[in-house]
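Chains as they are written, first to last, in the working numbering: chain Y, 1 to 102; chain P, 103 to 352.
Where is the CB? At the ideal position from N, CA and C, for every residue including glycine.
Shown next, in structure tokens, is the structure this report addresses.
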């Protein structure tokens, strides 16, 4: 089995199980408070890491390049409370402009 | 607090803020003891559907460019049905991070669905396979629009919204995969910066406490510190340990 299909099947199975956890297995019981306090912070930690690596990450190195223009545009769009689609398009356009491609 | 916690809120935020009447009818209907319908879910999610399609399309293009082929990304959208995890898996594969790192990063990103599914559990009755099927329609956005107050979720709104989102997400992915050859390399058009922008927008909605800020800063710092020394994907996984700051205090 190829690497791609392994990822698709494994991530699919894991996600199906995660979404089914409450409704199927736990019957509505709450998580213990300490566990909940940790799980709640998982998304901010991971999303911030994805932003940082997506903007600055290279092949085993950190790079300062045109993606920073995209990040700047995204931050500006978020500051004026633009819809999420506008935020994403702004980042893509700013990066493409910085590359001199538009 | 929970309402603002998960990533979907942010996607929804603009639409909800722009038209609060889209979200409010359900509690009102419930107050009048009128049963909600799946149609209420369609109506609630309608403003978000173009974005769901566009993100699905972006995922299709990125996945194709990452060497995932055509069928695998579409099947992934059908079964995983969770945007950020799919983007993360595709980008790890695209940067040669390996299957385990991709599975780990995507699974960790979706771990939030375990607590989210707990809040849905009281609203889902019936046999276990019916609950299993309906629980698959839980995504950030459907869960956000189905909030019925007091931490409860309206089942029909959740299922209606989730089903429609699924159709647009899978449809967008299919178009993206098929059109990838015409759209070209995503990086060329700045799409490689678009995905971090998406995650940033999702992150903003997660920031609802000092602990969340701390977790985000720590997560980003850990990830950047590890990039020069580890395979792609590993920094993201290790950065998840930043959530342990939740154990401190209170």
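Only counting the same chain, and skipping five residues up and downstream in sequence, which positions put a Cβ closer than 6 Å to that of residue i?
| i | result |
| --- | --- |
| residue 236 of chain P | 226 and 261 |
| residue 321 of chain P | 341 and 344 |
| residue 155 of chain P | 270 and 274 |
| residue 266 of chain P | 144 and 147 |
| residue 212 of chain P | 184 and 187 |
Let's see if you can read the secondary structure: which residues bound the alpha helix (DSSP H) around residue i?
| i | result |
| --- | --- |
| residue 319 of chain P | 312 to 328 |
| residue 152 of chain P | 151 to 167 |
| residue 32 of chain Y | First-last for residue 32 of chain Y: undefined, no H or E at that position. |
| residue 308 of chain P | 293 to 308 |
| residue 189 of chain P | 185 to 196 |
| residue 181 of chain P | 173 to 181 |
| residue 370 of chain P | No information on residue 370 of chain P is available, as it lies outside the stretch 103 to 352 that chain P covers here. |
| residue 12 of chain Y | 3 to 20 |
| residue 206 of chain P | 201 to 212 |
Excluding the 5 residues flanking residue i on each side, which residues of the same chain have their C-beta closer than 7 Å to its C-beta?
| i | result |
| --- | --- |
| residue 74 of chain Y | 87, 90 and 91 |
| residue 133 of chain P | Any reading at residue 133 of chain P needs caution, since the residue's pLDDT is 45, under 50, leaving its predicted position unreliable; the model's value is listed next. If we look at residue 133 of chain P and ignore the five residues flanking it on each side, it has no Cβ neighbours. |
| residue 4 of chain Y | none |
| residue 276 of chain P | 162 and 176 |
| residue 51 of chain Y | none |
| residue 204 of chain P | 191, 194, 195 and 335 |
| residue 63 of chain Y | 56 |
| residue 239 of chain P | 260, 261, 264, 265 and 268 |
| residue 182 of chain P | 188 |
With H, G and I counted as helix, E and B as strand and the rest as coil, what does DSSP make of residue i?
| i | result |
| --- | --- |
| residue 126 of chain P | Confidence in residue 126 of chain P is poor, its pLDDT being 37 and thus under 50, which makes the residue's placement unreliable; the coordinate value appears in the next sentence. Coil at residue 126 of chain P, not helix or strand. |
| residue 113 of chain P | In this prediction, residue 113 of chain P scores a pLDDT of 35, lower than 50, which makes its location untrustworthy; the coordinate-derived value is nonetheless stated afterwards. Helix, per DSSP. |
| residue 248 of chain P | coil |
| residue 40 of chain Y | coil |
| residue 141 of chain P | helix |
| residue 226 of chain P | coil |
| residue 62 of chain Y | strand |
| residue 100 of chain Y | coil |
| residue 81 of chain Y | coil |
| residue 283 of chain P | helix |
| residue 255 of chain P | strand |
| residue 273 of chain P | helix |
| residue 57 of chain Y | strand |
| residue 350 of chain P | coil |
| residue 25 of chain Y | helix |
| residue 332 of chain P | coil |
| residue 236 of chain P | helix |
| residue 136 of chain P | coil |
7 Å is my cut-off, CB to CB: does residue i come that close to chain P?
| i | result |
| --- | --- |
| residue 72 of chain Y | no |
| residue 22 of chain Y | yes |
| residue 62 of chain Y | yes |
| residue 80 of chain Y | no |
| residue 12 of chain Y | yes |
| residue 57 of chain Y | yes |
| residue 41 of chain Y | yes |
| residue 18 of chain Y | yes |
Of the choices the options, whose alpha-carbon is the least far from that of residue i?
| i | options | result |
| --- | --- | --- |
| residue 38 of chain Y | P:351, P:218 and P:346 | P:346 |
| residue 229 of chain P | Y:32, Y:50, Y:20 and Y:15 | Y:20 |
| residue 59 of chain Y | P:348, P:337 and P:299 | P:337 |
| residue 140 of chain P | P:172, P:317, P:173 and P:258 | P:258 |
| residue 138 of chain P | P:303, P:207 and P:255 | P:255 |
| residue 283 of chain P | P:151, P:159, P:153 and P:150 | P:159 |
| residue 318 of chain P | P:330, P:348 and P:296 | P:348 |
| residue 214 of chain P | Y:99, Y:100, Y:22 and Y:84 | Y:22 |
| residue 233 of chain P | Y:69, Y:80, Y:17 and Y:46 | Y:17 |
Does residue i come within less than 7 Å of chain Y when only Cβ atoms are used?
| i | result |
| --- | --- |
| residue 214 of chain P | yes |
| residue 147 of chain P | no |
| residue 233 of chain P | yes |
| residue 161 of chain P | no |
| residue 240 of chain P | yes |
| residue 129 of chain P | Reliability of the predicted coordinates at residue 129 of chain P is poor, the pLDDT of 46 falling under 50, and the value obtained from them is presented with this limitation in mind. Cβ-Cβ to chain Y under 7 Å: no for residue 129 of chain P. |
| residue 270 of chain P | no |
| residue 308 of chain P | yes |
| residue 301 of chain P | yes |
| residue 342 of chain P | yes |
| residue 295 of chain P | yes |
Does at least one heavy atom of the ligand NAP sit under 6 Å from the Cβ of residue i?
| i | result |
| --- | --- |
| residue 43 of chain Y | Absence of the ligand NAP from the depicted structure is noted, as is the absence of any ligand whatsoever, leaving it without description. |
To which residues of the same chain is residue i closer than 8 Å at the C-beta, ignoring the five residues directly before and after it?
| i | result |
| --- | --- |
| residue 44 of chain Y | none |
| residue 324 of chain P | 337, 340, 341, 343 and 344 |
| residue 326 of chain P | 337 |
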